[in-house]
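Engineer: My questions all concern the structure below.
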Amino acid sequence: GAVVSQHPSRVICKSGTSVKIECRSLDFQATTMFWYRQFPKQSLMLMATSNEGSKATYEQGVEKDKFLINHASLTLSTLTVTSAHPEDSSFYICSAPGLAWYNEQFFGPGTRLTVL
Amino acid sequence: AQKITQTQPGMFVQEKEAVTLDCTYDTSDPSYGLFWYKQPSSGEMIFLIYQGSYDQQNATEGRYSLNFQKARKSANLVISASQLGDSAMYFCAMRDIASAGGTSYGKLTFGQGTILTVHP
Chain A
473 GAVVSQHPSR
483 VICKSGTSVK
493 IECRSLDFQA
503 TTMFWYRQFP
513 KQSLMLMATS
523 NEGSKATYEQ
533 GVEKDKFLIN
543 HASLTLSTLT
553 VTSAHPEDSS
563 FYICSAPGLA
573 WYNEQFFGPG
583 TRLTVL
Chain B
120 AQKITQTQPG
130 MFVQEKEAVT
140 LDCTYDTSDP
150 SYGLFWYKQP
160 SSGEMIFLIY
170 QGSYDQQNAT
180 EGRYSLNFQK
190 ARKSANLVIS
200 ASQLGDSAMY
210 FCAMRDIASA
220 GGTSYGKLTF
230 GQGTILTVHP
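Which chain is which? The protein sequence lines are A and B, in order.
To convert a position in the first sequence, counted from 1, into the numbering used here, add 472.
To convert a position in the second sequence, counted from 1, into the numbering used here, add 119.
Okay, structure coming up:
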């Protein structure tokens, strides 16, 4: 299957700082990537759909200015959590869809963000 | 309205026994796909099995099988011969035309998840 990497895997930052998370498709090109947020023992919540060469599509209730998404190339999407606060502490996962209808989404390993 | 429902927050099973994880879904689209993922404590999402709405037979992948009952809109995951390494959170997910936004592929809608614990 296709490989998606995420960096960093863990990050601890102070309140008020910004954190950038990178999501890369290693062996395929992804015009679309999805960003999810997950709290402990809860489901994945889709935050936004990242589209190469155009603006991201955010889900209802997700602050666009808070969670900046950039899809700079066909292999890289970034999520920047701006002015992070403790309530932003969460597990963030990116994924890329397969080419065919029956293909699964290919997930990155996730980034655990802790804001102090 | 909830499109994917997993009613079992937690399940316990004895090692080597079989276990069924429930999943019901709701869609008016005739074409849709159902997926099961496993998420161990490390957080990675591991794809297990896929069932298409037009598939005539239930999907199977090794120890995993999907009990697909279209009329009941259920897609339960059956894990046979449970192993300690099966302890994880399991998610049922669906892709349909509505969520695809008109494209041939699109976002998945996930259920709430079921935490499976396998006892030795």
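For glycine and all other residues, C-beta sits at the position ideal for the given N, C-alpha and C.
Answer yes or no: do B/Lys122 and B/Thr236 have a C-beta to C-beta separation smaller than 7 Å?
Structural biologist: No.
Engineer: Assuming the contact rule is C-beta atoms closer than 8 Å, A/Glu524 and A/Thr554 should be a hit. Round their C-beta distance to whole Å, please.
Structural biologist: In fact, because the Cβ distance is near 22 Å, the residues do not count as touching under 8 Å.
Engineer: Is it buried or exposed, B/Gly221, if we count other Cβ atoms within 10 angstroms and call 16 or more buried?
Structural biologist: For B/Gly221, the predicted structure reports a pLDDT of 44, less than 50, and the residue's modelled location is therefore unreliable. A value from the coordinates is still provided. Exposed, because fewer than 16 other Cβ atoms sit within 10 Å of the Cβ of B/Gly221.
Engineer: Who are the near neighbours of B/Ile234 in its chain, counting only those whose CB is closer than 6 Å to its CB and skipping five residues on each side?
Structural biologist: Hits under 6 Å: Gly129 and Met208.
Engineer: For A/Ile541, collect the residues of the same chain with a Cβ closer than 6 Å to its Cβ; drop the 5 residues on either side in sequence, then sort them by chain order.
Structural biologist: Within the same chain, A/Ile541 has close Cβ partners Ala520, Ser522, Ala528 and Leu551.
Engineer: Starting from the Cα of B/Leu167, find the closest Cα among B/Gly181, B/Thr124 and B/Tyr151 and give me that residue.
Structural biologist: Out of B/Gly181, B/Thr124 and B/Tyr151, B/Gly181 has the C-alpha closest to the C-alpha of B/Leu167.
Engineer: Comparing C-alpha positions only, which one of A/Pro581, A/Ser561 and A/Gly570 sits nearest to A/Ser490?
Structural biologist: Comparing Cα-Cα distances from A/Ser490 to each of A/Pro581, A/Ser561 and A/Gly570, the minimum goes to A/Ser561.
Engineer: What is the DSSP secondary structure of B/Asp289, counted as helix, strand or coil?
Structural biologist: It is not possible to answer for residue 289 of chain B, since the shown part of chain B is limited to 120 through 239.
Engineer: Under 6 Å Cβ to Cβ from B/Thr146, same chain only, skipping five residues before and after it: list those, please.
Structural biologist: Excluding residues within five positions, the ones whose Cβ falls inside 6 Å are Asp215.
Engineer: May I ask which residues mark the beginning and end of the beta strand (DSSP E) holding A/His557?
Structural biologist: Neither: A/His557 is in no beta strand (DSSP E) and is coded neither H nor E.
Engineer: Considering only C-alpha positions, which residue in the set A/Leu548, A/Gln532 and A/His557 is nearest to A/Val476?
Structural biologist: That would be A/Leu548, whose Cα lies nearest to the Cα of A/Val476.
Engineer: Does the distance from the C-beta atom of A/Glu559 to that of B/Phe154 stay below 7 Å?
Structural biologist: No, they are not a contact pair.
Engineer: Just the C-alpha distance for A/Lys513 and B/Thr126, rounded to the nearest angstrom, thanks.
Structural biologist: Rounded to the nearest angstrom, the two C-alpha atoms are 14 Å apart.
Engineer: Counting C-beta neighbours from all protein chains within 10 Å, is the total for B/Gly204 16 or more, i.e. buried, or is it exposed?
Structural biologist: Exposed.
Engineer: Since B/Gly230 and B/Cys142 are thought to touch, with beta carbons under 8 Å apart, how far apart are those beta carbons, to the nearest angstrom?
Structural biologist: Rounded, the Cβ-Cβ distance is 6 Å, consistent with contact.
Engineer: Taking a cut of 9 Å between CB atoms, which residues from the stretch 546-578 of chain A lie near chain B?
Structural biologist: Cβ contacts with chain B: Phe563, Ile565, Ser567, Pro569, Gly570, Leu571, Ala572, Trp573, Tyr574, Asn575, Glu576, Gln577 and Phe578.
Engineer: What residues are listed by DSSP as bridge partners for B/Gln170?
Structural biologist: According to DSSP, which records beta bridges pairwise, B/Gln170 is partnered with B/Leu153.
Engineer: Would you please verify whether the beta carbon of B/Tyr169 is less than 7 Å from any beta carbon of chain A?
Structural biologist: With 7 Å as the cut-off, B/Tyr169 counts as an interface residue toward chain A.
Engineer: On the DSSP bridge list, what partners appear for A/Tyr574?
Structural biologist: DSSP output for A/Tyr574 lists no bridge partner at all.
Engineer: Do we get a CB-CB distance below 7 Å when we pair B/Lys157 with the residues of chain E?
Structural biologist: Of the protein chains in this structure, namely A and B, none is chain E.
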